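Chains as they are written, first to last, in the working numbering: chain G, 437 to 551; chain Z, 4 to 118.
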């Protein structure tokens with residue numbers, strides 16, 4: 437199993453509060469991703485990182501920011517949480533081989549509820 | 004833009020029935036990979052199969068089989084003699100031939116296998 441740890445696994449917060457989710461990997465993979473999972477939408481890409489301090493937006497990035505100061509850690513921040521950000525958040529990593537085959541390894545997910 | 008469509012939102016079968024989960028994709032890339040992931044009730048995402056765009060051979064793994072047809076842009080998944088343990092949400096996904104190497108997911112099909 438890929439070494440990916442997400443924290444916290446569950447969080448309940450109130451509208452307007454900041455929230456940070458952490459993804460930690462022990463695989464030394466270059467690529468890291470944050471997805472959100474919502475009923476009827478599958479998984480949608482929020483942000484991704486292709487190296488330390490190298491990040492970019494996905495399809496649903498509004499209201500989210502990310503940081504990657506070390507290879508092993510990728511942080512997702514909701515500056516001011518809203519109820520529409522209630523979701524399950526998955527971190528994923530990808531190998532950095534030249535001939536990338538696209539397979540992602542996922543963390544166990546973080547369930548966030550914004551009241 | 005890439006797109007993956009899983010038109011079946013939910014399927015319910017009785018144990019030992021065969022069931023096929025449909026997946027239709029859209030992409031302009033000539034090189035791409037298709038995936039199936041399983042999400043059991045416990046919530047983790049489990050990788051099932053990867054198929055590249057140059058290999059249209061069907062694949063069989065135990066009770067699971069996959070039918071890839073480029074002519075119809077489909078990558079369907081069949082479970083033979085379904086079991087209660089097959090109950091899960093199944094996601095079809097498509098890789099991108101871009102620098103970010105992310106996956107585009109379908110909305111998922113929930114399979115309920117009744118005893």
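Ideal Cβ positions, reconstructed from N, Cα and C, are used throughout, including at glycine.
Just so we're clear, the structure is a prediction, and the values are computed from it rather than from any experiment.
With a threshold of 8 Å between beta-carbons, can residue i be considered close to chain G, or not?
| i | result |
| --- | --- |
| residue 66 of chain Z | no |
| residue 77 of chain Z | no |
| residue 114 of chain Z | no |
| residue 57 of chain Z | no |
| residue 24 of chain Z | no |
| residue 91 of chain Z | no |
| residue 2 of chain Z | There is no way to answer for residue 2 of chain Z, as the model of chain Z reaches only from 4 to 118. |
| residue 53 of chain Z | yes |
| residue 47 of chain Z | yes |
| residue 31 of chain Z | no |
For chain Z, check one thing: does any of its Cβ atoms lie closer than 8 Å to the Cβ of residue i?
| i | result |
| --- | --- |
| residue 487 of chain G | no |
| residue 492 of chain G | yes |
| residue 457 of chain G | no |
| residue 476 of chain G | yes |
| residue 530 of chain G | yes |
| residue 469 of chain G | yes |
| residue 545 of chain G | yes |
| residue 525 of chain G | no |
| residue 542 of chain G | yes |
| residue 481 of chain G | yes |
| residue 535 of chain G | Its pLDDT being 49, under 50, residue 535 of chain G is placed unreliably by the model, and nothing is read from it. |
Between residue i and the rest of its own chain, which residues show a CB-CB distance below 6 Å, the 5 nearest in sequence each way excluded?
| i | result |
| --- | --- |
| residue 462 of chain G | 439 |
| residue 62 of chain Z | 69 |
| residue 17 of chain Z | 117 |
| residue 542 of chain G | 526, 528 |
| residue 441 of chain G | 460 |
| residue 6 of chain Z | 29 |
| residue 510 of chain G | 459, 468, 485, 504 |
Which same chain residues end up closer than 7 Å to residue i when comparing Cβ atoms and leaving out the 5 residues on each side of it in sequence?
| i | result |
| --- | --- |
| residue 76 of chain Z | 27, 28, 29 |
| residue 493 of chain G | 483 |
| residue 55 of chain Z | 36 |
| residue 448 of chain G | 549, 551 |
| residue 514 of chain G | 454, 455, 499, 500, 521 |
What residues in its chain sit with their C-beta under 8 Å from that of residue i, if we drop five residues either side in the sequence?
| i | result |
| --- | --- |
| residue 535 of chain G | Residue placement at residue 535 of chain G cannot be trusted, given a pLDDT of 49 that sits under 50; what the coordinates show is reported in the next sentence. Nothing meets the Cβ criterion. |
| residue 59 of chain Z | 71, 72, 73 |
| residue 497 of chain G | 482, 483 |
| residue 505 of chain G | 488, 489 |
Should residue i and residue j be called a contact, given that it needs their Cβ atoms to be closer than 8 Å?
| i | j | result |
| --- | --- | --- |
| residue 85 of chain Z | residue 116 of chain Z | yes |
| residue 9 of chain Z | residue 25 of chain Z | yes |
| residue 71 of chain Z | residue 39 of chain Z | no |
| residue 107 of chain Z | residue 11 of chain Z | no |
| residue 468 of chain G | residue 443 of chain G | no |
| residue 508 of chain G | residue 460 of chain G | yes |
| residue 502 of chain G | residue 491 of chain G | yes |
| residue 539 of chain G | residue 465 of chain G | no |
| residue 82 of chain Z | residue 104 of chain Z | no |
Exercise for the section: Tell me, please, whether the segment 520 to 527 of chain G touches the segment 540 to 550 of chain G by the rule of three or more beta-carbon pairs shorter than 8 Å. Expected result: Output reads yes: the segment 540 to 550 of chain G touches the segment 520 to 527 of chain G.
Problem - Within the segment 52 to 96 of chain Z, ranges of the beta strand (DSSP E) (whole runs, at least 3 residues) - result: 62 to 64, 67 to 72, 77 to 82
Practice task
Take every Cβ of the segment 450 to 469 of chain G, pair it with every Cβ of the segment 85 to 94 of chain Z, and state whether three or more of those distances are shorter than 8 Å.
Solution key: Between the segment 450 to 469 of chain G and the segment 85 to 94 of chain Z, the count of C-beta pairs closer than 8 Å stays below three; the two stretches do not touch.
Practice task
Report the residue ranges of all alpha helix (DSSP H) runs contained in full by the segment 479 to 548 of chain G; include only those spanning at least 4 residues, in chain order.
Solution key: none
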